[in-house]
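Engineer: Quick note, the sequence shown lines up with residues 0 to 426 if you use numbering that gives the first Met the number 0.
By construction, the Cβ of each residue, glycine as well, lies at the ideal position given by its N, Cα and C atoms.
Below you will find the structure I want to go over with you.
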Amino acid sequence: MNGPKSWLIVKTQELEAKAKQVFGELVNITTEGNRQLGAVIGSKSYKEQYCMEKVNVWRRELETLAEIAETEPQAAYAAYTKGYKSKFTFFLRTIEDFEEYLEPIDSVLFDKLTPNLFGGSEPDVPKELLALNPNDGGIGIERPGTMANQQFKASVLKTKIHVESILDQYTVMREKDIEGNTTKEIEAAYKASKAQTKKQKMEKADKKTPESMKNFVSQAKDKGASSWLNALPIQEQHLNLNKEQFSDAMRLRYNIPLSGIPSYCACGNAFNVTHALDCKKGGFVHQRHDNLRDLLTHLLSKVCKDVEVEPHLLPITTEVMNLRTANTSEEARLDIKAKGFWQRSQTAFFDIRVTHVNSSSQRTKPTSAIFRNHEAAKKRKYLQRVLEVEQGAFTPLVFGTCIRGSRKPFKKQSSNLEDFGLMNIEA
0 MNGPKSWLIV KTQELEAKAK QVFGELVNIT TEGNRQLGAV IGSKSYKEQY
50 CMEKVNVWRR ELETLAEIAE TEPQAAYAAY TKGYKSKFTF FLRTIEDFEE
100 YLEPIDSVLF DKLTPNLFGG SEPDVPKELL ALNPNDGGIG IERPGTMANQ
150 QFKASVLKTK IHVESILDQY TVMREKDIEG NTTKEIEAAY KASKAQTKKQ
200 KMEKADKKTP ESMKNFVSQA KDKGASSWLN ALPIQEQHLN LNKEQFSDAM
250 RLRYNIPLSG IPSYCACGNA FNVTHALDCK KGGFVHQRHD NLRDLLTHLL
300 SKVCKDVEVE PHLLPITTEV MNLRTANTSE EARLDIKAKG FWQRSQTAFF
350 DIRVTHVNSS SQRTKPTSAI FRNHEAAKKR KYLQRVLEVE QGAFTPLVFG
400 TCIRGSRKPF KKQSSNLEDF GLMNIEA
């Protein structure tokens, strides 16, 4: 035993005197309390002092992080969600009623840090929604005080068998607790409780979410739609966003109006995000399509041969298309051609469509249904011609604006008409 590093904590001064008679100066003896593995053991006054000092340090550090968020919001967000907030977990699990001391942390998070992530103004988004994970429509910034009770109970539950084994002085750890529950049963109970708590949080957030925001939150829950928010801002991989790009993306996520945009479009109509993504004047609709086409062409050229942009399709001679909507023009072209993508020596054709999922005609539909409709439209137009005339494979790539993510491409190549029910459609 290392005496100078050992502490004996007793409850009264009488016990302190007896302890000194037994141990003398071999160990440190106190009635106040002391730090134990980062947590605290001792009297209420010592616990309060220790917790307040710890919270004050966190508050100062978070204020510094909030200042960083003014110029580098993406880096500050990643630093908090990927690292800093995990500092709270140990203390929430090991110190009972820790939520009593966390009000300064809540204040900094929602009065300073969160507004800077949205461009400097407090977002009109329910805190219950922001507390959810990004894949659930939130941003993962939750009041530590709301997590404290749940975390402490989870810690007590998971260590129950260990504690009982120590108290009963078992030489080996017990296989079951006093109630007869095994470790696996306790773990299952914990997971069920955690899932129930998550469900309650999501229901509460849904009730407080304004109707104008619900469709956008639903889109944020789509698979892959929040990948940009989970990505680390690594400059070498071009994943870093400047402060305007990040704050605008956060606002678009919750249908919050952007600042600094004109009142009217060059076409004469009132200007807003929806109009900007729909208006054909100025070439922006074509630009977003061509940017994706060029990016995918660049990536395909690294793994395939004979990669070509906007290749002409072979002309139709005596072939008969089953659908009236099929493109039979001699000038028909697709966006990308690459040999050997699906099969060796086979030519694969790709066609890109970018749709505004929150346009007036689509805003009430789920994202998956929107993408399926556009995918089917592309197949009706080009599938039979590619399969029968080009003897190749056709894959439509559908992307959406105003959400971060898209339907996962390259899931399956179009190898025959029966796969998509086209043989049963009458011309």
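Using the C-alpha atoms, what's the distance from T113 back to A68?
Structural biologist: Residue numbering aside, residue 68 sits at position 69 when the sequence shown is read from its first letter. Residue numbering aside, residue 113 sits at position 114 when the sequence shown is read from its first letter. C-alpha separation (whole angstroms): 9 Å.
Engineer: Can you give me the Cβ contacts of N55 inside the same chain, cut-off strictly under 8 Å, excluding the 5 residues immediately before and after it?
Structural biologist: One-based indexing of the sequence shown puts residue 55 at position 56. Counting only Cβ-Cβ distances below 8 Å, and skipping sequence neighbours, we find P103.
Engineer: Do you know offhand how far S106's Cα is from Y253's?
Structural biologist: As a first step, residue 106 must be located in the sequence shown, where it is residue number 107. As a first step, residue 253 must be located in the sequence shown, where it is residue number 254. Cα to Cα, the separation comes out at about 22 Å.
Engineer: In the DSSP assignment, find the alpha helix (DSSP H) that holds P114 and state where it starts and stops.
Structural biologist: To locate residue 114, count along the sequence shown from 1; it is residue 115. Counting along the chain, the alpha helix (DSSP H) containing P114 begins and ends at 113-116.
Engineer: Looking only at C-alpha atoms, which of G391, A392, V397, S5 sits nearest to N372?
Structural biologist: Residue numbering aside, residue 372 sits at position 373 when the sequence shown is read from its first letter. Per the Cα distances, V397.
Engineer: Can you tell me whether S225 is buried or exposed? The criterion is at least 16 other CB atoms within 10 Å of its CB, across all chains shown.
Structural biologist: Working through the sequence shown from its first residue, we reach residue 225 at position 226. So S225 counts as buried.
Engineer: I think N128 touches G136, with their Cβ atoms under 8 Å apart; what is that distance to the nearest whole Å?
Structural biologist: The count along the sequence shown starts at 1 and reaches residue 128 at position 129. The count along the sequence shown starts at 1 and reaches residue 136 at position 137. Residue identity check: residue 128 is Leu in the sequence provided, not Asn. Yes, they are in contact, since the Cβ atoms of L128 and G136 sit about 6 Å apart, within 8 Å.
Engineer: Helix, strand or coil, according to DSSP, for P314 in the structure here?
Structural biologist: As a working note, residue 314 is residue 315 in the sequence shown. P314: coil per DSSP, three-state reduction.
Engineer: Might you give, ordered along the chain, the residues of its own chain that have their beta carbon closer than 7 Å to the beta carbon of F65, omitting 5 neighbours on each side?
Structural biologist: For the purposes of this step, residue 65 is taken as residue 66 along the sequence shown, with counting starting at 1. In the sequence as presented, Phe is not what sits at residue 65; that position holds Ala. Excluding sequence neighbours, A65 sits near V107, K111, L112, N115.
Engineer: Are the CB atoms of R287 and V353 nearer to each other than 8 Å?
Structural biologist: In the sequence shown, counting from the first residue as 1, residue 287 sits at position 288. In the sequence shown, counting from the first residue as 1, residue 353 sits at position 354. Yes, Cβ-Cβ distance for R287 and V353 is below 8 Å.
Engineer: Do you know how far the Cα of S328 is from the Cα of L240?
Structural biologist: Residue numbering aside, residue 240 sits at position 241 when the sequence shown is read from its first letter. Residue numbering aside, residue 328 sits at position 329 when the sequence shown is read from its first letter. Cα-Cα distance, rounded: 42 Å.
Engineer: I'd like the list of long-range same chain contacts for K198, defined as Cβ closer than 8 Å, with 5 residues on each side in sequence excluded.
Structural biologist: The residue given as residue 198 occupies position 199 in the sequence shown. Around K198: no qualifying Cβ.
Engineer: Rounded to whole angstroms, what's the CA-CA distance from A331 to F348? Just pull it up for me.
Structural biologist: Walking along the sequence shown from the start, residue 331 turns up at place 332. Walking along the sequence shown from the start, residue 348 turns up at place 349. If I take the Cα positions, the gap works out to 13 Å.
Engineer: By the DSSP assignment, the alpha helix (DSSP H) with G41 in it spans what residues?
Structural biologist: Along the sequence shown, one-based indexing puts residue 41 at 42. Unbroken run through G41 is the beta strand (DSSP E), 38-41; no alpha helix (DSSP H).
Engineer: With a cut-off of 8 Å on the beta carbons, I'd call K338 and K377 a contact; round off their distance for me.
Structural biologist: Taking the sequence shown and counting its residues from 1, one reaches residue 338 at position 339. Taking the sequence shown and counting its residues from 1, one reaches residue 377 at position 378. The pair is not a contact, with the Cβ atoms about 21 Å apart (cut-off 8 Å).
Engineer: Please report the Cβ distance between G41 and F89, rounded to the nearest whole angstrom; I am assuming they are in contact, meaning their Cβ atoms lie under 8 Å.
Structural biologist: One-based indexing of the sequence shown puts residue 41 at position 42. One-based indexing of the sequence shown puts residue 89 at position 90. About 18 Å separates the two Cβ atoms, so there is no contact after all.
Engineer: Measuring only the C-alpha atoms, how far is H311 from L333?
Structural biologist: Your numbering for residue 311 matches position 312 in the sequence shown. Your numbering for residue 333 matches position 334 in the sequence shown. Taking the straight line from one Cα to the other gives about 7 Å.
Engineer: Would you call the segment 145-164 and the segment 92-101 in contact, with 3 or more CB pairs under 8 Å?
Structural biologist: Segments in contact, yes.
Engineer: Would you verify that the beta carbon of D96 is, or is not, closer than 8 Å to some beta carbon of chain C?
Structural biologist: Absent from the structure: chain C. Only one protein chain is present.
Engineer: Among residues of its own chain, excluding the 5 on either side of G139, which ones have a beta-carbon nearer than 7 Å to its beta-carbon?
Structural biologist: The sequence position of residue 139 within the sequence shown is 140, counting from 1. For G139, where only same-chain residues beyond five positions count, the Cβ hits under 7 Å are T80, N132, P133.
Engineer: Let me know the secondary structure DSSP gives R352 once reduced to three states.
Structural biologist: Position 353 of the sequence shown holds residue 352. Correct three-state label for R352: strand.
Engineer: Quick one: what does DSSP say E307 is sitting in, helix, strand or coil?
Structural biologist: Residue 307 sits at position 308 when you count from the first residue of the sequence shown. Strand.
Engineer: Among M172, D221, F87, I255, which one has its Cα closest to the Cα of S449?
Structural biologist: Nothing about residue 449 can be reported from this structure: the residues present for the chain run from 0 to 426 only.
Engineer: Within the same chain, show all residues whose beta-carbon is closer than 7 Å to that of S258, passing over the 5 residues directly before and after it, in chain order.
Structural biologist: Taking the sequence shown and counting its residues from 1, the one referred to as residue 258 is at position 259. So the qualifying residues of the chain are G118.
Engineer: Is M0 helix, strand or coil by DSSP?
Structural biologist: By 1-based counting over the sequence shown, the position of residue 0 is 1. Reduced to three states, the DSSP call for M0 is coil.
Engineer: Across which residues does DSSP place K336 in a beta bridge pair?
Structural biologist: To locate residue 336, count along the sequence shown from 1; it is residue 337. According to DSSP, K336 bridges with E307, F348.
Engineer: Taking the alpha carbon of R384 as the point to measure from, which residue in P314, I335, S5 has its own alpha carbon closest?
Structural biologist: Here residue 384 is taken as the residue at index 385 of the sequence shown, counted from 1. Cα-wise, what sits closest to R384 is P314.
Engineer: Taking its Cβ as the centre, do 16 or more other Cβ atoms sit within 10 Å of A16, making it buried, or is it exposed?
Structural biologist: Within the sequence shown, the letter at position 17 stands for residue 16. Under this definition A16 is an exposed residue.
Engineer: Look up V397 in the DSSP assignment and give the residues it is bridged to.
Structural biologist: Indexing the sequence shown from 1 puts residue 397 at position 398. Looking at the DSSP assignment, V397 forms a beta bridge with R352.
Engineer: State the DSSP-derived secondary structure class of W227, mapped to helix, strand or coil.
Structural biologist: Walking along the sequence shown from the start, residue 227 turns up at place 228. Reduced to three states, the DSSP call for W227 is helix.
Engineer: Between P125 and A204, how many whole angstroms is the CB-CB distance? I'm expecting something under 8 Å.
Structural biologist: Along the sequence shown, read from residue 1 onward, the residue named residue 125 stands at position 126. Along the sequence shown, read from residue 1 onward, the residue named residue 204 stands at position 205. Rounded, the Cβ-Cβ distance is 6 Å, consistent with contact.
Engineer: From this set, D221, V308, N229, K242, which residue's C-alpha is nearest I335's C-alpha?
Structural biologist: On the sequence shown, position 336 is the one that residue 335 refers to. I335 has its Cα closest to that of V308, out of D221, V308, N229, K242.
Engineer: By Cβ distance below 7 Å, which residues in the same chain neighbour K11 in space, the five residues on each side in sequence not counted?
Structural biologist: The residue given as residue 11 occupies position 12 in the sequence shown. For the record, residue 11 in the displayed sequence is Thr; it is not Lys. Closer than 7 Å at Cβ, skipping near neighbours: T30.
Engineer: With distances taken Cα to Cα, identify the nearest neighbour of E184 among Q20, L156, E71.
Structural biologist: What you label residue 184 is simply residue 185 of the sequence shown in a count that begins at 1. Looking at the Cα atoms, L156 is the closest of the given residues.
Engineer: Just to confirm, are V356 and Q244 a CB contact at a threshold of 8 Å?
Structural biologist: The sequence position of residue 356 within the sequence shown is 357, counting from 1. The sequence position of residue 244 within the sequence shown is 245, counting from 1. Not a contact, by the Cβ cut-off of 8 Å.
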